[in-house]
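S.K.: In order, the protein sequence lines correspond to chains A and B. Take the position in the first sequence, starting the count at 1, then add 196; the result is the number in this note's numbering. Take the position in the second sequence, starting the count at 1, then add 196; the result is the number in this note's numbering.
2 protein chains.
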Amino acid sequence: MALDGRIEAAMTAAIQLAQSGAAPPRLGAALPYAVFPGGARIRPTILMSVALACGDDSPRLTDAAAAALELIHCASLVHDDLPAFDNADIRRGKATVHRAFDEPLAVLAGDSLIVLAFEVLARAAAEAGTGAPERALRLVSHLAMRTGMPFGICAGQGWESEGQVNLGAYHRAKTGALFMAATQMGAIAAGQDAEPWEELGARIGEAFQVADDLKDALMAPEDMGKPAGQDQMHGRPSAVAELGVAGAVEHLKAILGGAIASIPSCRGEAMLARMVRAYAEKMTPARLTAKG
Amino acid sequence: MALDGRIEAAMTAAIQLAQSGAAPPRLGAALPYAVFPGGARIRPTILMSVALACGDDSPRLTDAAAAALELIHCASLVHDDLPAFDNADIRRGKATVHRAFDEPLAVLAGDSLIVLAFEVLARAAAEAGTGAPERALRLVSHLAMRTGMPFGICAGQGWESEGQVNLGAYHRAKTGALFMAATQMGAIAAGQDAEPWEELGARIGEAFQVADDLKDALMAPEDMGKPAGQDQMHGRPSAVAELGVAGAVEHLKAILGGAIASIPSCRGEAMLARMVRAYAEKMTPARLTAKG
Numbered sequence: 197m198a199l200d201g202r203i204e205a206a207m208t209a210a211i212q213l214a215q216s217g218a219a220p221p222r223l224g225a226a227l228p229y230a231v232f233p234g235g236a237r238i239r240p241t242i243l244m245s246v247a248l249a250c251g252d253d254s255p256r257l258t259d260a261a262a263a264a265l266e267l268i269h270c271a272s273l274v275h276d277d278l279p280a281f282d283n284a285d286i287r288r289g290k291a292t293v294h295r296a297f298d299e300p301l302a303v304l305a306g307d308s309l310i311v312l313a314f315e316v317l318a319r320a321a322a323e324a325g326t327g328a329p330e331r332a333l334r335l336v337s338h339l340a341m342r343t344g345m346p347f348g349i350c351a352g353q354g355w356e357s358e359g360q361v362n363l364g365a366y367h368r369a370k371t372g373a374l375f376m377a378a379t380q381m382g383a384i385a386a387g388q389d390a391e392p393w394e395e396l397g398a399r400i401g402e403a404f405q406v407a408d409d410l411k412d413a414l415m416a417p418e419d420m421g422k423p424a425g426q427d428q429m430h431g432r433p434s435a436v437a438e439l440g441v442a443g444a445v446e447h448l449k450a451i452l453g454g455a456i457a458s459i460p461s462c463r464g465e466a467m468l469a470r471m472v473r474a475y476a477e478k479m480t481p482a483r484l485t486a487k488g
Numbered sequence: 197m198a199l200d201g202r203i204e205a206a207m208t209a210a211i212q213l214a215q216s217g218a219a220p221p222r223l224g225a226a227l228p229y230a231v232f233p234g235g236a237r238i239r240p241t242i243l244m245s246v247a248l249a250c251g252d253d254s255p256r257l258t259d260a261a262a263a264a265l266e267l268i269h270c271a272s273l274v275h276d277d278l279p280a281f282d283n284a285d286i287r288r289g290k291a292t293v294h295r296a297f298d299e300p301l302a303v304l305a306g307d308s309l310i311v312l313a314f315e316v317l318a319r320a321a322a323e324a325g326t327g328a329p330e331r332a333l334r335l336v337s338h339l340a341m342r343t344g345m346p347f348g349i350c351a352g353q354g355w356e357s358e359g360q361v362n363l364g365a366y367h368r369a370k371t372g373a374l375f376m377a378a379t380q381m382g383a384i385a386a387g388q389d390a391e392p393w394e395e396l397g398a399r400i401g402e403a404f405q406v407a408d409d410l411k412d413a414l415m416a417p418e419d420m421g422k423p424a425g426q427d428q429m430h431g432r433p434s435a436v437a438e439l440g441v442a443g444a445v446e447h448l449k450a451i452l453g454g455a456i457a458s459i460p461s462c463r464g465e466a467m468l469a470r471m472v473r474a475y476a477e478k479m480t481p482a483r484l485t486a487k488g
């Protein structure tokens, strides 16, 4: 995808901010380890796509917003992999941060990446010219809301420690929050109102949750780059457990149709619809596409 | 101290932001548990004192900055107490967050408090009027620098995972960073230049580090509200190990003298000097004052 280079450049600039000769070297090494090579960079790709669809009149802010969002996502992976949570050994095809370094450094790497996300936004504002401080503060507010309590990914992960789970709130926070951040921060970075972009993010997030449930239930670990069958093993709620495989696939298609219908009117509307359709194809596991 | 009520009100308002009916209840309960009742609230007290000494012309921002700084401090305590770090059972006289709740919730509570700190700053800007966005962004930048990598408390904690420790960088980041944040964010909140306020924060931080080393070496656990002898047990560098008890006490006095001398010229200069002297008395363990 054409945005890849722009995203990686923004991520590289962000990580460089956190490194200097005076930094503790192992923690300094754990940060790029947690961030490079990336996964699909889906969230910053969506963010940049929405910003471009809205005119992208402040590309410095768009880059910062994309990097900040991906930093939060990477931080959440580092912490979710910890022994107290998923106790995962492998992530993106290599040892998880706490396995490659140690557990204290994994906690600190996650903390540092969260902090860096907000620093990147604040610094970009200082360089991006008129109107940038107001937009940057809206980006800080929005990213915080989608990351922390009560509605962000921290809240989503927190639901997994509850006896009684509010399933709607759980999915919306655990997976949906950063997709809503992607569409809405893209709009904010380009000076637009965030509200009309919430539904697109929410629906893409729902689709990814269902696709992830399908992958977890069906795919071999070597295809995923991480262990499969985690949902069942940890007794986590899953669309496959609720609807069966065929039902989950139908549900996924319906959600993506709704996502396309929800795209606000803007100059890049058709481009965004193509993006969602491309994700839809990628999201459906190949074995299921073959089955129909 | 007269600022107590103002600080607690700001902390209460901050924590309420993170709680709603839709939040996971246990994580929702872990946040106030980590923050109330507070310790001495030294960092926000210094921050507000500096802001007042500089005129405190935007009290809404000052309150937010004080709360944000203390939220970061509380988050660092929650994470530092985790089994992978100090494995502490007791903090501020009650069970640590991972003992009272569990380890996943302690990781998430720390993460959520970090995020909340930046959210509080961004929200305050929206309510504080002209010039507030620029100041709020400087506060976000500054707090991030003093919290994350390469110079913040995360870096400070990271030094404890290194074989070879840069002692100056370690102390400056581990303890000094949030005291520098206290003086400099107080100045920023009141619309002043931050740079002249760095030395005061650095010296107060040094003093607290030496005082903490003395307490850790000398006091009984029941007087501290947490286990004593941790530095020796974990083989951590300490002023007492380097200078002996009498040497460390002399060093403490010299640092505090330097702190008072470094206070920038401002309308509240005398008040700040009194504040530092009052901390100096509190900081020296009673047994040592009695000895001379």
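Just so it is clear, CB atoms sit at the ideal spot from N, CA and C, and this is done for glycine as well.
Identify every run of the alpha helix (DSSP H) within the region 258–292 of chain B, keeping only runs that are complete inside it and at least 4 residues long; order them along the chain.
M.R.: With a minimum length of 4 residues, no continuous alpha helix (DSSP H) run stays inside the region 258–292 of chain B.
S.K.: Would you say residue 350(A) reaches chain B, if we count a Cβ-Cβ gap shorter than 8 Å as a contact?
M.R.: As a working note, residue 350(A) is residue 154 in the first sequence. Yes, residue 350(A) counts as interfacial toward chain B.
S.K.: Report buried or exposed for residue 239(A), applying the criterion of at least 16 other Cβ atoms within 10 angstroms of its Cβ.
M.R.: Walking along the first sequence from the start, residue 239(A) turns up at place 43. With 16 or more Cβ atoms within 10 Å of its Cβ, residue 239(A) is classed as buried.
S.K.: Does the separation of the CB atoms of residue 435(A) and residue 409(A) fall below 8 Å?
M.R.: Here residue 435(A) corresponds to residue number 239 of the first sequence, with the count starting at 1. Here residue 409(A) corresponds to residue number 213 of the first sequence, with the count starting at 1. Cβ atoms of residue 435(A) and residue 409(A): closer than 8 Å.
S.K.: Excluding five sequence neighbours on each side, which residues of the same chain lie with their C-beta closer than 7 Å to the C-beta of residue 380(A)?
M.R.: Taking the first residue of the first sequence as 1, we reach residue 380(A) at position 184. Cβ neighbours of residue 380(A) beyond the five flanking positions: 338, 390, 393, 394, 397.
S.K.: Among 385(B), 358(B), 405(B), whose alpha-carbon lies nearest the alpha-carbon of residue 373(B)?
M.R.: Stepping through the second sequence from its first residue, residue 373(B) is reached at position 177. Of 385(B), 358(B), 405(B), the residue nearest in Cα terms is 405(B).
S.K.: With C-beta atoms as the reference, is residue 336(B) less than 8 Å away from residue 314(A)?
M.R.: Counting from 1 along the second sequence, the entry for residue 336(B) is found at position 140. Counting from 1 along the first sequence, the entry for residue 314(A) is found at position 118. Contact flag set, yes.
S.K.: Please tell me whether residue 311(A) and residue 301(A) are closer than 8 Å, where the distance is taken between their beta carbons.
M.R.: Here the question's residue 311(A) lines up with position 115 in the first sequence. Here the question's residue 301(A) lines up with position 105 in the first sequence. Not in contact: residue 311(A) and residue 301(A) (Cβ atoms no closer than 8 Å).
S.K.: Rounding to the nearest angstrom, what Cα-Cα distance links residue 197(A) and residue 304(A) in this structure?
M.R.: In the first sequence, counting from the first residue as 1, residue 197(A) sits at position 1. In the first sequence, counting from the first residue as 1, residue 304(A) sits at position 108. Note that residue 197(A) scores a pLDDT of 48, beneath 50, so its modelled location is shaky and nothing firm can be said.
S.K.: Along chain B, in chain order, which residues have C-beta atoms closer than 8 Å to that of residue 231(A)?
M.R.: Numbered from its first residue, the first sequence carries residue 231(A) at position 35. What residue 231(A) touches in chain B: nothing, since even the nearest Cβ is about 12 Å away.
S.K.: Quick one: Cα of residue 333(B) to Cα of residue 275(B), how far?
M.R.: Here residue 333(B) refers to the residue found at position 137 of the second sequence. Here residue 275(B) refers to the residue found at position 79 of the second sequence. Spanning the two alpha carbons is a distance of roughly 26 Å.
S.K.: Do residue 368(B) and residue 458(B) have their beta-carbon atoms positioned less than 8 Å apart in this structure?
M.R.: Here residue 458(B) is taken as the residue at index 262 of the second sequence, counted from 1. Here residue 368(B) is taken as the residue at index 172 of the second sequence, counted from 1. Contact flag unset, no.
S.K.: Please give me, in chain order, every unbroken run of the beta strand (DSSP E) with length at least 3 that falls completely inside the region 355–409 of chain A.
M.R.: Runs of the beta strand (DSSP E) inside the region 355–409 of chain A: none found.
S.K.: With a 10 Å radius around its C-beta and 16 neighbouring C-beta atoms as the bar for buried, classify residue 478(B) as buried or exposed.
M.R.: Within the second sequence, residue 478(B) is the residue found at index 282, counting from 1. Burial call: exposed.
S.K.: Going by beta carbon distance, what residues of the same chain come within less than 8 Å of residue 403(B), once the five residues before and after it are set aside?
M.R.: Start at 1 with the first residue of the second sequence, and residue 403(B) comes out as number 207. Cβ neighbours of residue 403(B) beyond the five flanking positions: 448, 451, 452, 455, 475, 476, 479.
S.K.: What three-state label does DSSP hand residue 208(A) in the structure shown?
M.R.: What you label residue 208(A) is simply residue 12 of the first sequence in a count that begins at 1. Helix, per DSSP.
S.K.: 8 Å is my cut-off, CB to CB: does residue 344(B) come that close to chain A?
M.R.: As a first step, residue 344(B) must be located in the second sequence, where it is residue number 148. Chain A contact via Cβ: present.
S.K.: Does the beta carbon of residue 488(A) come closer than 8 Å to any beta carbon on chain B?
M.R.: For the purposes of this step, residue 488(A) is taken as the residue at position 292 of the first sequence. Since pLDDT at residue 488(A) reaches only 39, below the 50 mark, its modelled position is unreliable, and no value is offered.
S.K.: Is residue 359(A) buried or exposed, if buried means 16 or more other CB atoms sit within 10 Å of its CB?
M.R.: What you label residue 359(A) is simply residue 163 of the first sequence in a count that begins at 1. It is exposed - the Cβ of residue 359(A) has fewer than 16 other Cβ atoms within 10 Å.
S.K.: So residue 451(B) is in the alpha helix (DSSP H); what residue range does that whole segment cover?
M.R.: For the purposes of this step, residue 451(B) is taken as the residue at position 255 of the second sequence. Run containing residue 451(B): 435–458, per the alpha helix (DSSP H) assignment.
S.K.: Would you mind sorting residue 371(B) into buried or exposed? The rule is 16 or more other CB atoms within 10 Å of its CB.
M.R.: The count along the second sequence starts at 1 and reaches residue 371(B) at position 175. Buried: at least 16 other Cβ atoms inside 10 Å.
S.K.: Note down, in chain order, every chain B residue with its Cβ under 7 Å from the Cβ of residue 477(A).
M.R.: Counting from 1 along the first sequence, the entry for residue 477(A) is found at position 281. Result: empty, since nearest Cβ-Cβ is about 33 Å, beyond 7 Å.
S.K.: Give every residue of the same chain whose Cβ lies closer than 6 Å to the Cβ of residue 329(A), excluding the five residues on either side of it in the sequence, and list them in chain order.
M.R.: Start at 1 with the first residue of the first sequence, and residue 329(A) comes out as number 133. If we look at residue 329(A) and ignore the five residues flanking it on each side, its Cβ neighbours are 321.
S.K.: Is there a Cβ of chain B sitting closer than 8 Å to that of residue 265(A), yes or no?
M.R.: Counting from one through the first sequence, the residue named residue 265(A) turns up at place 69. Not closer than 8 Å to any Cβ of chain B, the Cβ of residue 265(A) fails to qualify, so no.
S.K.: Using the beta-carbon of each residue, which ones in chain A are nearer than 8 Å to residue 301(B)?
M.R.: The residue labelled residue 301(B) in the question sits at position 105 within the second sequence. Result: 354, 357.
S.K.: Just by C-beta distance, which residues in the region 311–324 of chain A are closer than 8 Å to chain B?
M.R.: Of all residues in the region 311–324 of chain A, 311, 312, 314, 315, 317, 318, 319, 321, 322 have a Cβ within less than 8 Å of some Cβ in chain B.
S.K.: Rounding to the nearest angstrom, what Cα-Cα distance links residue 350(B) and residue 279(B) in this structure?
M.R.: As a working note, residue 350(B) is residue 154 in the second sequence. As a working note, residue 279(B) is residue 83 in the second sequence. Computed Cα separation, rounded: 17 Å.
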